[in-house]
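The structure under discussion appears below in the form of structure tokens.
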Amino acid sequence: REPRGVQGDEALRKDAVEQATRHLVQPWPYAGSAGAEARTLIGEGDGIYITDDAGHRLIDGPAGMWCTNIGHRREEMAQVMYEQAMQLSYNTPWYTMNAPSAELARRIADHAPGDLSHVFFTTGGSSAVETALRFMQFFNNVRGRADKKLILSRGGAYHGSTYLSASLNGRPRDRDWMDGADDLVVKLSSPDPFRRPKSLSVEGFCDALVEEFRSTVERIGAERIGAFVGEPVQASGGVILPPNGYLKRIREICRANDILYVSDEVVTAFGRLGSVFASGDVFGLDPDMITFAKGVTSGYFPLGGVVISERLLEELRRSNHPDAMFAHGLTYTSHPIGCAVALKNFDILENGLLAHTREVAPYFQSQLRTLEDLPLVGEVRGLGLMACVECVADRESKDPLELDKDVGKRIDAHCQELGLLVRPLINMCVMSPPLVITRSQIDDLVSILREGIVRTMEELRKEGMW
Ligand code: PMP
Numbered sequence: 005r006e007p008r009g010v011q012g013d014e015a016l017r018k019d020a021v022e023q024a025t026r027h028l029v030q031p032w033p034y035a036g037s038a039g040a041e042a043r044t045l046i047g048e049g050d051g052i053y054i055t056d057d058a059g060h061r062l063i064d065g066p067a068g069m070w071c072t073n074i075g076h077r078r079e080e081m082a083q084v085m086y087e088q089a090m091q092l093s094y095n096t097p098w099y100t101m102n103a104p105s106a107e108l109a110r111r112i113a114d115h116a117p118g119d120l121s122h123v124f125f126t127t128g129g130s131s132a133v134e135t136a137l138r139f140m141q142f143f144n145n146v147r148g149r150a151d152k153k154l155i156l157s158r159g160g161a162y163h164g165s166t167y168l169s170a171s172l173n174g175r176p177r178d179r180d181w182m183d184g185a186d187d188l189v190v191k192l193s194s195p196d197p198f199r200r201p202k203s204l205s206v207e208g209f210c211d212a213l214v215e216e217f218r219s220t221v222e223r224i225g226a227e228r229i230g231a232f233v234g235e236p237v238q239a240s241g242g243v244i245l246p247p248n249g250y251l252k253r254i255r256e257i258c259r260a261n262d263i264l265y266v267s268d269e270v271v272t273a274f275g276r277l278g279s280v281f282a283s284g285d286v287f288g289l290d291p292d293m294i295t296f297a298k299g300v301t302s303g304y305f306p307l308g309g310v311v312i313s314e315r316l317l318e319e320l321r322r323s324n325h326p327d328a329m330f331a332h333g334l335t336y337t338s339h340p341i342g343c344a345v346a347l348k349n350f351d352i353l354e355n356g357l358l359a360h361t362r363e364v365a366p367y368f369q370s371q372l373r374t375l376e377d378l379p380l381v382g383e384v385r386g387l388g389l390m391a392c393v394e395c396v397a398d399r400e401s402k403d404p405l406e407l408d409k410d411v412g413k414r415i416d417a418h419c420q421e422l423g424l425l426v427r428p429l430i431n432m433c434v435m436s437p438p439l440v441i442t443r444s445q446i447d448d449l450v451s452i453l454r455e456g457i458v459r460t461m462e463e464l465r466k467e468g469m470w
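Add 4 to a position in the sequence shown, counting from 1, and you land on the number used in full-length UniProt numbering.
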């Protein structure tokens, strides 16, 4: 097939670069290049591949931003968008509704754990987290618990880029130059076993985390804490898998203290860990709310949402304030095209892709672990089709490389030359390919990544930095 898009079209490429440099503000820009930056121009996507403006075909290692789960350029997705747009492209959500959103809510509820039965649709993950938190505030106001609003979050967390969701973020750099609603948020430790205190076993570390949670609730007072928000696997923090049993123990403390447990599954839902939702199926949890986005449409349309427990809605309906309004909605809540796209995406997941993911995930994990023989690699960890290669200066001491070495970026640059896009995170490389990846494509991904790390090691040695 002839390449389409920008490849080979030098004029188009130049125009795009010039216009972007003059008029586009890229996300996550540095002050020094804000509003004056072009990035790699992508011409087309196909399956697990994307092609850049020079015509280089790259494996989409991070699946966009953890989202292109069913792969790029699927005709049935284009078809469903076209058909829905030709039937009903929009309806005003505050006094009308559409059928795709109702069917999608029912299918999501069918897969959600516990009594999570209702869905509020948003435009993405940040607005989903924001919705869950505003719902908690409303819920406690209606119940006459106006003081019960504080939110517990953790180091290593990423929950979004709107004001309140971003206030929960706890990764390095997230808050260096940004303000947040610090009076509303209490931060706890990251549940990162790799970076646990040297004196503790993983079990001891788990006990310490649970104790920190319990004593924080006791110190602040449960009557002031409304919610805990946590990713089951901290994705953008570096695919941090908490110690076994930790999530369930936190859940029980929340239940005992009437603190709503919000499981942020923006990354982990819709297939990444082999299930529609990982909270119940993988971790045995029954949260009060689950936030999702990304994989729900595999990035074909901006859509997210919150699944809410029947118990909470029932309590609202039975409250003394039947006229209190949850004054919260978005122009694009329950967007008909987004929901129709999500229904088709659901079909693809259920008709084999979830099973395929479960089948290839152990191979993906074991092949990536072979990289642990490289002296720059401190740990390879992950679950399902998400993983992280963490580089260290010294494997014994686990000393992290200095930030300015930007090892992830160096590895990414080498890998891009070899045909793989990596998501660099300071000294880490995150891998979360589209779920349609095959075993032989996993072999390609791992061998390119190995070569990229080897070249980075040589480069660092040459520069006397390692
Ligand atoms: N929660 C998690 C766990 C995420 O990883 C992200 C995005 N990476 C968000 C929320 C925010 O989602 P969005 O970018 O769609 O607003």
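Even glycine gets a Cβ: it sits at the ideal position worked out from N, Cα and C.
Remember, it's a predicted structure, so these values are computed and weren't measured experimentally.
Own chain residues within Cβ distance below 6 angstroms of residue i, not counting five before or after
{"i": "residue 61", "result": "53, 55"}
{"i": "residue 29", "result": "39"}
{"i": "residue 218", "result": "257"}
{"i": "residue 310", "result": "124, 132, 135, 136, 293, 295"}
{"i": "residue 376", "result": "384"}
{"i": "residue 139", "result": "none"}
{"i": "residue 208", "result": "none"}
Three-state secondary structure assigned by DSSP to residue i
{"i": "residue 454", "result": "helix"}
{"i": "residue 182", "result": "coil"}
{"i": "residue 435", "result": "strand"}
{"i": "residue 28", "result": "coil"}
{"i": "residue 51", "result": "strand"}
{"i": "residue 335", "result": "coil"}
{"i": "residue 131", "result": "helix"}
{"i": "residue 249", "result": "coil"}
{"i": "residue 404", "result": "strand"}
{"i": "residue 419", "result": "helix"}
{"i": "residue 93", "result": "coil"}
{"i": "residue 276", "result": "coil"}
{"i": "residue 397", "result": "strand"}
{"i": "residue 62", "result": "strand"}
{"i": "residue 323", "result": "coil"}
{"i": "residue 120", "result": "strand"}
{"i": "residue 351", "result": "helix"}
{"i": "residue 5", "result": "In this prediction, residue 5 has a pLDDT of 41, which is less than 50 and means its spatial position is unreliable; what the coordinates show is noted afterwards. Three-state DSSP puts residue 5 in coil, outside helix and strand."}
{"i": "residue 244", "result": "strand"}
{"i": "residue 313", "result": "strand"}
Nearest-angstrom Cβ-Cβ length linking residue i and residue j, presumed shorter than 8 angstroms
{"i": "residue 289", "j": "residue 252", "result": "6 angstroms"}
{"i": "residue 215", "j": "residue 168", "result": "Actually they are not in contact, since the Cβ atoms of residue 215 and residue 168 sit about 28 angstroms apart, beyond 8 angstroms."}
{"i": "residue 226", "j": "residue 262", "result": "6 angstroms"}
{"i": "residue 206", "j": "residue 247", "result": "5 angstroms"}
{"i": "residue 345", "j": "residue 305", "result": "4 angstroms"}
{"i": "residue 368", "j": "residue 446", "result": "5 angstroms"}
Per-residue burial, residue i [other beta carbons within 10 Å of its own, 16 or more giving buried]
{"i": "residue 342", "result": "buried"}
{"i": "residue 432", "result": "buried"}
{"i": "residue 162", "result": "buried"}
{"i": "residue 379", "result": "exposed"}
{"i": "residue 91", "result": "exposed"}
{"i": "residue 81", "result": "buried"}
{"i": "residue 323", "result": "exposed"}
{"i": "residue 418", "result": "buried"}
{"i": "residue 339", "result": "buried"}
{"i": "residue 476", "result": "Residue 476 cannot be examined here, being either before or after the span of the chain that is shown, 5 to 470."}
{"i": "residue 265", "result": "buried"}
{"i": "residue 244", "result": "buried"}
{"i": "residue 200", "result": "buried"}
{"i": "residue 315", "result": "exposed"}
{"i": "residue 454", "result": "buried"}
{"i": "residue 102", "result": "buried"}
{"i": "residue 394", "result": "buried"}
Contacts around residue i, its chain only, beta-carbon distance under 8 angstroms, and the 5 residues preceding and following it disregarded
{"i": "residue 64", "result": "49, 52, 53, 54, 72, 76, 425, 437, 438"}
{"i": "residue 98", "result": "333"}
{"i": "residue 269", "result": "235, 236, 281, 282, 283, 294, 295, 296"}
{"i": "residue 192", "result": "156, 157, 158, 159, 213, 216, 217, 220"}
Counterpart residues of residue i in DSSP-defined beta bridges
{"i": "residue 267", "result": "234, 294"}
{"i": "residue 427", "result": "434"}
{"i": "residue 126", "result": "308"}
{"i": "residue 390", "result": "387"}
{"i": "residue 157", "result": "191"}
{"i": "residue 381", "result": "395"}
{"i": "residue 76", "result": "51"}
{"i": "residue 229", "result": "154"}
{"i": "residue 56", "result": "46"}
Chain-order list of residues whose beta-carbon lies under 7 angstroms from that of residue i (same chain, five-residue window excluded)
{"i": "residue 299", "result": "71, 73, 273, 274, 275, 276"}
{"i": "residue 415", "result": "426, 428, 433, 456, 457, 460"}
{"i": "residue 185", "result": "167, 168, 171"}
{"i": "residue 2", "result": "Residue coverage of the chain in this structure runs from 5 to 470, which leaves residue 2 outside it and unanswerable."}
{"i": "residue 173", "result": "161, 162, 163, 179"}
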